[in-house]
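Colleague: In this text, residue positions in the sequence shown follow my numbering: the first is -12, and each later residue adds one. I'd like to ask some things about the structure below.
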Amino acid sequence: MCRSSISHIKVRQCGMKIFGERLKEIRDERGVSMSELARQMKTSHQNISRWESGEIVPGGETLVKLANFLKVSADYLLGIRNDY
């Protein structure tokens, strides 16, 4: 479980994990392949994989495009809100 009282690094890792889990969940729900999402986001399949594994999180502009494409809020993807 992620707790904000641990360290800044742990909180950041937790947020990246939540982002990756939510991205994969929504992508699967929408029936969008990693390759299709990579094409739409103008990025590589590898980056999509890294996002979903929680290794990295896309920058602000890409995050907004991603949320718009998947029809969810950026806040939902980032774990700030629990509703789309």
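Cβ atoms here follow ideal geometry from the backbone N, Cα and C, with glycine treated the same way. Since the model is a prediction, treat every value here as computed from it, not as a measurement.
For S60, would you say it is in contact with chain D, using Cβ-to-Cβ distances shorter than 8 Å as the test?
Modeller: Chain labels in this structure do not include chain D; a single protein chain is all it has.
Colleague: Terminal residues of the continuous alpha helix (DSSP H) containing D62?
Modeller: Where D62 is concerned, the enclosing alpha helix (DSSP H) stretches over A61 to L65.
Colleague: Here's the rule: buried if 16 or more other CB atoms are within 10 angstroms of the residue's CB, otherwise exposed. What is G46?
Modeller: So G46 ends up on the exposed side.
Colleague: State the CB to CB distance for the pair G7 and S31, rounded to an integer number of angstroms; the pair is presumed to be in contact (CB under 8 Å).
Modeller: Wrong, their Cβ atoms sit about 16 Å apart, outside the cutoff.
Colleague: DSSP three-state call for I35: helix, strand or coil?
Modeller: The answer is helix: DSSP assigns I35 an H, G or I state.
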